[in-house]
Amino acid sequence: MSASPLLLRNLFSANKILIKPYFANSVKAMEARHDLPITSLDYPKPISAPPPPISKDIELKRAIEASSKSSLFNLTRDDVLYEDEWLMAVDKPKGVYCESILSSAPKIIVDSSNEFHLANRLDRDTSGVMLITKSHKVAAKLVKAFTEHKIRKSYIALSIGPSPNWSKITVKSGHGRSKHGAWRVYAALDVGRVLPGGSFVRDMETTFEVVSINGENPQPSESESTIVVQGEPELSCVGDDVVVVRAFPRSGRTHQIRLHCQYLGIPIRGDVKYHGMYEWRGRTSEGHELHAESLSLDHPVTGDPLVIQAPLPCWAAGDV
């Protein structure tokens, strides 16, 4: 019996690109059996550049160092930014894996339970606010709040590049893994299209504000620009200005701020995976300089407004 027109419309878009996640496994299975050659699928092309060759060795070295540091790491009461009977917020240091933060949390709480969960995750070299819940119920509520964009996040990043010609800008794009496994920026129109391996391009949106350029605060401006990514970035990474920006990610994609900084031509210093400066003025970077500055949310149990801020790292304290 032939498939109904409605089913066919659900499986295929007008340009015959697969758009339903539940069909991805079938695509992978057909490719594995060579029933469907990879070349027959019109995969979307990534916009941002792939990681440079030098990044592989540097990232491996950093990962080994972070594993060693994480194995010895223990939270202290000085790391706690906020705590009540339902959740705890801590200041994650740079170069420590999230799992080590979680595993050491019960050690500093007298009435610790076995239900600790990470409500949010930060990259290995990103410092700042991390939420840890103390029950499954609270964890589920926070997951829902993050998914529905009800939690406002702000980050501080130090970039090296040309001086921006904007004071506030919003970038809207696609996000996904390329065939080589690296996270990349895709065109906004590619959201929903299938990628090699069966994953899909997802939406990604970040608003940036310039905090300082070479230590100077820019003139305040009410104007705001929006970039809906369509093709190759027109912005150049050529330049050596020190640009500090505050970022407000609406979505929560992997490496989102790092990818959008790369797209804007101001890659984060030390972020070698996304073309950030590794050597700068005579010194090498131990990791990228990105800091989760604050989280603003309604308390998952009491409903009270809650703003949690982490102290600024030394590289940002003089500019913010």
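Per the UniProt record's numbering, the very first residue in the sequence shown carries number 1; after that it's consecutive. By construction, the Cβ of each residue, glycine as well, lies at the ideal position given by its N, Cα and C atoms.
Here D271 is not near R253, since their CB atoms are 8 Å or more apart. Counting along the chain, the unbroken beta strand (DSSP E) around F248 starts and ends at 241-249.
The beta carbon of D241 lies closer than 8 Å to those of I160, G161, P162, S163, I213, N214 in the same chain, with the five residues before and after it left out. V129 places its beta carbon less than 8 Å from that of D91.
Beta-bridge pairing by DSSP links D91 to V129. Looking at P311, A292, P50, the one whose alpha-carbon comes closest to that of D125 is A292.
Taking T207 as reference, the option from L295, T170, D304, D42 with the minimal CA-CA separation is T170.
Under the DSSP assignment, L81 falls in the beta strand (DSSP E) whose first and last residues are 80-83. With a cut-off of 8 Å on Cβ pairs, the region 192-204 is not in contact with the region 55-75, counting fewer than three such pairs. Per the Cβ contact rule, the region 281-299 is in contact with the region 85-105 (3 or more Cβ pairs under 8 Å). When rounded, the separation of the alpha-carbon atoms in E148 and V244 is 28 Å. Assignment of R77 by DSSP, reduced to helix, strand and coil, places it in the helix class. In the three-state scheme derived from DSSP, where H, G and I count as helix and E and B as strand, A292 is classed as strand. Beta-bridge partners of H175 (DSSP): V185, R202.
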